[in-house]
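Number 248 in numbering that gives the first Met the number 0 belongs to position 249 of the sequence shown; there are no gaps in the numbering. Don't be surprised by glycine CBs; every beta carbon is placed ideally from N, CA and C. Source: prediction; values computed, not measured.
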Amino acid sequence: MAKLPLSQVDVFSPYPHCGNPVAVVHDADGLSDEQMAAFARWTNLSETTFLLQPTHPEADYRLRIVTPGGELPFAGHPTLGSCHAWLEHGGSPSQSDQFVQECAVGLVSVQAIDRRLGFAAPALRRSGPLERELLDQLLSATVLHPNHVVGHQWVDNGPGWCALLLDSAQRVLSVTPEMRLLKGVSLGLVGPQESSAETDFEVRAFVPGLGVPEDPVTGSLNASIGQWLIGAALAPSSYVAAQGTAIGRKGRVHVAAVGEDVWVSGDTRTLLSGTALF
Numbered sequence: 000m001a002k003l004p005l006s007q008v009d010v011f012s013p014y015p016h017c018g019n020p021v022a023v024v025h026d027a028d029g030l031s032d033e034q035m036a037a038f039a040r041w042t043n044l045s046e047t048t049f050l051l052q053p054t055h056p057e058a059d060y061r062l063r064i065v066t067p068g069g070e071l072p073f074a075g076h077p078t079l080g081s082c083h084a085w086l087e088h089g090g091s092p093s094q095s096d097q098f099v100q101e102c103a104v105g106l107v108s109v110q111a112i113d114r115r116l117g118f119a120a121p122a123l124r125r126s127g128p129l130e131r132e133l134l135d136q137l138l139s140a141t142v143l144h145p146n147h148v149v150g151h152q153w154v155d156n157g158p159g160w161c162a163l164l165l166d167s168a169q170r171v172l173s174v175t176p177e178m179r180l181l182k183g184v185s186l187g188l189v190g191p192q193e194s195s196a197e198t199d200f201e202v203r204a205f206v207p208g209l210g211v212p213e214d215p216v217t218g219s220l221n222a223s224i225g226q227w228l229i230g231a232a233l234a235p236s237s238y239v240a241a242q243g244t245a246i247g248r249k250g251r252v253h254v255a256a257v258g259e260d261v262w263v264s265g266d267t268r269t270l271l272s273g274t275a276l277f
């Protein structure tokens, strides 16, 4: 039986136990696909990651991201939590100012931003308005009236995200989706907060097809929403999104346009460490 170091990192919240946890297995090169899938089902977290030796000459480490229902080419909170765990376990970057992660979507740059870790949003695999049939399906699943929707967009950077911009944060929080009607769609909702709120937007994420009915805090979705909203002048060039409110979390995702890139950053903190048996 193999024994491998394990970290569980809370991501995207300055408040302990209020972000999105990711389980990170170190030195996982010897594990099979089946072992990774079984362990991810057992942790029952939205994502479990496995750190491996890189195969790309520019990468510092390689990451596989596994959900209870399958594997993802990219995800945000696992990227930041895994980089945090890699650094804590003695990881040394080839470049002093940034870390390069290799994953199925390609190379992702990670760096420290205002004492938080942040990643450069990967290019969208799909963009543009949602098809009429899909939009009708989402309206039915969320019991939203068309007047509640300010905008809609494909914002897929790997997990298949599509997003609805609603007229308010309160509207976002009021939604109780019918999961069977989503039929595997990865859906993000975003709405503007009132001017007196401590954050600028409220975000929610639903991924029933991967065994995650509602994700507590979602870096990949916030990254692609940021690319959409900032690019369309629907949001300022720098803002903070809240996520997880509806399920008792206090996620805080910092989004900022820097040159041609959109960067997503958040707090990371190891709350559990030990050994995983395989």
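Just so you know, the alpha carbons of Leu-129 and Leu-143 end up roughly 16 Å apart. The beta-carbon separation of Pro-121 and Asn-156, rounded to 5 Å, stays under the 8 Å limit for a contact. Phe-38 sits in a helix when the DSSP states are folded into three classes.
Arg-63 sits in a strand when the DSSP states are folded into three classes. Taken atom to atom, the span from the alpha-carbon of Pro-215 to that of Trp-153 is near 21 Å.
DSSP, read as helix, strand or coil, puts Asn-19 in strand. Residue pairing for Asp-260: DSSP places it in a beta bridge opposite Val-257.
Following the DSSP letters along the chain, one finds Glu-132 inside the alpha helix (DSSP H) bounded by residues 131–141. With respect to Val-8, Leu-50 sits apart: the two C-beta atoms are not nearer than 9 Å. A straight line joining the alpha-carbon of Pro-67 with that of Phe-200 spans about 28 Å. Between His-253 and Asp-59, the C-beta gap is not smaller than 9 Å, which leaves the two residues out of contact.
DSSP, reduced to helix, strand and coil, places Glu-213 within a strand of the structure shown. Taking the C-beta atoms as reference points, Leu-62 is found no nearer than 9 Å to His-83.
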